[in-house]
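**Student:**
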Amino acid sequence: MGQYSSTHCGGGPKHRHRSLHPTSLPNHHRSASDHSQSDFFSLMNSDEDESPIPFVFGNRDYTDDLPDECLALIFQCLSSGDRKKCSLVSRRWLLVEGQSHHRLALNAKVEILPHVPTIFTRFDSVTKLALRCDRKSVSINDEALTLISLRCSKLIRLKLRGCRDVTEVGMSAFARNCKSLKKFSCGSCMFGAKGMNALLDNCSSLEELSVKRLRGINDGFAADPIGPGAAASSLKSICLKELYNGQCFAPLITGSKNLKTLKLLRCLGDWDRLFETIGSRENHVSEIHLERLQVGDTGLTAISNCPKLEILHLVKTPECTDAGVVAVASKCKLLRKLHIDGWRTNRIGDEGLVAIAENSSNLKELVLIGLNPTSTSLLAIASNCKKLERLALCGSDTIGDPEVSCIATKCMALKKLCIKGCEVTDQGIESFAWGCPNLVKIKVKKCKHVTGDVADRLRARRQSLAVNLDGGEIDIEPVDSSASDGGAIEEAAEFQHTAATLPIIGASDIPSTSNVGRSSASKPWFGIFGGRGLVACTLRRWSNGNGESL
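Positions 1 to 550 (UniProt numbering) are the ones given, in order, by the sequence shown.
1) Put Thr398 into one of helix, strand or coil per three-state DSSP.
2) Less than 8 Å separating the beta-carbons of Asp426 and Val454?
3) Please determine if the stretch 70-79 and the stretch 92-101 are in contact, where contact requires at least 3 C-beta pairs separated by less than 8 Å.
4) Just reading off the alpha helix (DSSP H) that Cys86 is part of, what are its end residues?
5) Can you tell me where the alpha helix (DSSP H) with Phe120 in it begins and where it stops?
6) Looking only at its own chain, which residues have a Cβ that is under 6 Å from the Cβ of Leu113, when we skip the five neighbours before and after it?
7) Mind reading off the beta-carbon distance from Ser256 to Pro228? Whole number of angstroms is fine, and I expect it under 8 Å.
8) Just to confirm, are Leu264 and Leu240 a CB contact at a threshold of 8 Å?
9) Applying the 10 Å Cβ sphere with the 16-neighbour rule, what's the burial state of Ser280?
10) In its own chain, which residues sit with a C-beta less than 6 Å from the C-beta of Thr409, not counting the 5 before and 5 after it?
11) Taking the beta carbon of Leu88 as the centre, do at least 16 other beta carbons fall within 10 Å, making it buried, or is it exposed?
12) Can you tell me which of the three DSSP states Ser375 falls into?
13) Are Gly296 and Asp322 closer than 8 Å when you measure CB to CB?
14) My understanding is that residue 592 touches Val169, with C-beta atoms under 8 Å, so please give their C-beta distance in whole angstroms.
15) Ordered along the chain, which non-local residues of its own chain (more than five positions away) have a Cβ less than 8 Å from that of Glu276?
16) Name the two residues that bound the continuous alpha helix (DSSP H) containing Val354.
17) Roughly how many angstroms separate the alpha carbons of Leu371 and Ile253, rounded to a whole number?
18) Alpha carbon to alpha carbon, what distance is there between Lys441 and Lys415?
19) Would you mind working out which of Ser90, Asn107, Arg151 and Arg132 sits nearest Thr118, comparing C-alpha positions?
20) Along the chain, where does the alpha helix (DSSP H) containing Glu287 start, and where does it finish?
21) Going by the beta-carbon positions, is the gap between Cys422 and Cys447 smaller than 8 Å?
22) Less than 8 Å between the beta carbons of Ala193 and Ser172, yes or no?
23) If you reduce the DSSP assignment to three classes, tell me which class Ser153 lands in.
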């Protein structure tokens, strides 16, 4: 996280009042080019009939003629390091640079408390704030959060990470002072249901809520239920991660009238009843993510009563079978993104995939992990899903050359393909040299029968195709902006640019928690802290370029 400036030209005065800003720094702060420009403009402004006036370098700041809004726009184009340097030039530049910051990230240690007034006197236009504290430090407390809320009454986004000393008292005070909040995210915090209810009761404009490892509600069934409060009509997205007692959020989920996105990741408890409640009434849910969750065909059947569903992720939910997938496919006709990680349980197979193929004509993205589909279901998908653009097949023992050749022949709209850990050979991969005319990127990983030679043959036939193989040796993708719109190179460049422009004020990253190995299939919900899927990074990269987040 870090600072970021976002400037709006219509908000402030058009011109700066000179009486409010002292002159700029002395001569030794100016470069040689500044001296030459001063000479040039002085000559241009001099009158031929008048005697020459001695040049006094440093007494004229030509940015005085720029409105504050234009100066702020210039600062916005600079890196964070350059912005910091510019803020030292003059008091006016310091003021404008601080006022143009709308995003701010702070290292939320308790030692920051005495400096809060100074920080938010300079950065008085912050609307998006991140407070992060590492596990080895003492975090800010209720007093600090209350003081921050008084200084940032126009805050619309808040992110708390590791703020373990913030209690219900601090959250209640914050909610009363920042009623315009639209997005709230917290992780590894200690306040409980009362603090969350205070937030929901006061922030009537809240649209997005993300809660991860909220320790304060881990009191078994004694935890108070969390309701939608004043945010019942505004809340559109709810994300719950790694909660031991996530069931107390059930009233919030069912009471959010305009909920569109629901993500439940590695939360304990039986969730079928929740989806039955959602499906029994009119709803606007269009996106559901379920990962390592105790949900079965009963829950999927209830989800099928969400007619606006477009995106569904079923990741390591071993109680789901073909019957549940068939129910979703038969009623959710708008489905365009489907991710299924079967966890090698063989409970979802051809029957469910054929139902998807027959009913999901709008499907654009399909990810199958740990499943064993045969040519029957793959042929149905390739033949019926004419709009399919992104396909990932991973960890399958039944996908070989015939199945891959079928995809190459039938999937005319396919643009990106990922094959990982399947029984394909060079012959099957080479079929894409002629098939899939719109294909721009292919990734083949951990396929032991695929060699690096096939990459050269693919590139020889289709020079614009980005090929990424790890057979024998790692082949580097050709850098072709027209061939890849979201690959690893672009993602790395984007991250570096973001990191360069978003400095953190005294912040240190929170160490990630240790991953616990996957549990047995008989008790899948106890392995809630396992690692991510093998192709998660690849899937996120695919979606960066086309604006459709996975």
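The beta-carbon is built from N, C-alpha and C at its ideal position, and this holds for glycine as well.
**Tutor:** Looking at the atomic coordinates:
1) Residue mapping note: residue 398 aligns to position 398 of the sequence shown, counting from 1. Three-state DSSP puts Thr398 in coil, outside helix and strand.
2) Along the sequence shown, one-based indexing puts residue 426 at 426. Along the sequence shown, one-based indexing puts residue 454 at 454. Yes, these two residues count as a Cβ contact at 8 Å.
3) yes
4) Translated into the one-based positions of the sequence shown, residue 86 becomes position 86. Residues Ser80 to Cys86.
5) For the purposes of this step, residue 120 is identified with residue 120 of the sequence shown, where counting begins at 1. From DSSP, the alpha helix (DSSP H) with Phe120 extends over Val116 to Arg122.
6) Stepping through the sequence shown from its first residue, residue 113 is reached at position 113. Cβ within range, chain order: Ala144.
7) Reading the sequence shown from its first residue, position 256 is the one you call residue 256. Reading the sequence shown from its first residue, position 228 is the one you call residue 228. Right, the Cβ-Cβ distance comes to about 5 Å (below 8 Å), so this counts as a contact.
8) Within the sequence shown, residue 264 is the residue found at index 264, counting from 1. Within the sequence shown, residue 240 is the residue found at index 240, counting from 1. Yes, the pair counts as a contact, with Cβ atoms nearer than the cut-off.
9) Taking the sequence shown and counting its residues from 1, one reaches residue 280 at position 280. By the 10 Å Cβ count, Ser280 comes out exposed.
10) Along the sequence shown, read from residue 1 onward, the residue named residue 409 stands at position 409. Same-chain partners within the cutoff: Gly435.
11) Counting from 1 along the sequence shown, the entry for residue 88 is found at position 88. Looking at its Cβ environment, which holds fewer than 16 other Cβ atoms inside 10 Å, Leu88 is exposed.
12) As a first step, residue 375 must be located in the sequence shown, where it is residue number 375. Looking at Ser375 - three-state DSSP - the assignment turns out to be helix.
13) Translated into positions along the sequence shown, residue 296 becomes position 296. Translated into positions along the sequence shown, residue 322 becomes position 322. Their beta carbons are not under 8 Å apart, which means Gly296 does not touch Asp322 by this criterion.
14) Residue numbering for the chain in the displayed model covers 1 to 550; residue 592 lies beyond these limits and cannot be assessed.
15) Sequence index remark: in the sequence shown, residue 276 carries index 276 (1-based). The residues are Thr298, Gly299 and Ala302.
16) Counting from one through the sequence shown, the residue named residue 354 turns up at place 354. It spans Asp350 to Asn359 - the alpha helix (DSSP H) in which Val354 sits, taken as one unbroken run.
17) Looking up residue 371 in the sequence shown gives position 371. Looking up residue 253 in the sequence shown gives position 253. Answer to the nearest angstrom: the Cα atoms are 31 Å apart.
18) Within the sequence shown, residue 415 is the residue found at index 415, counting from 1. Within the sequence shown, residue 441 is the residue found at index 441, counting from 1. So the two alpha carbons sit approximately 7 Å from each other.
19) The residue you call residue 118 lines up with position 118 of the sequence shown. Minimum Cα distance to Thr118 is reached at Arg151.
20) As a position in the sequence shown, residue 287 is number 287, starting the count at 1. Where Glu287 is concerned, there is no enclosing alpha helix (DSSP H), although the beta strand (DSSP E) it sits in stretches over Glu287 to Glu291.
21) One-based indexing of the sequence shown puts residue 422 at position 422. One-based indexing of the sequence shown puts residue 447 at position 447. Yes. Within cutoff.
22) Mapped onto the sequence shown, residue 193 falls at position 193. Mapped onto the sequence shown, residue 172 falls at position 172. Contact: no.
23) Here residue 153 corresponds to residue number 153 of the sequence shown, with the count starting at 1. The answer is coil: DSSP assigns Ser153 none of H, G, I, E or B.
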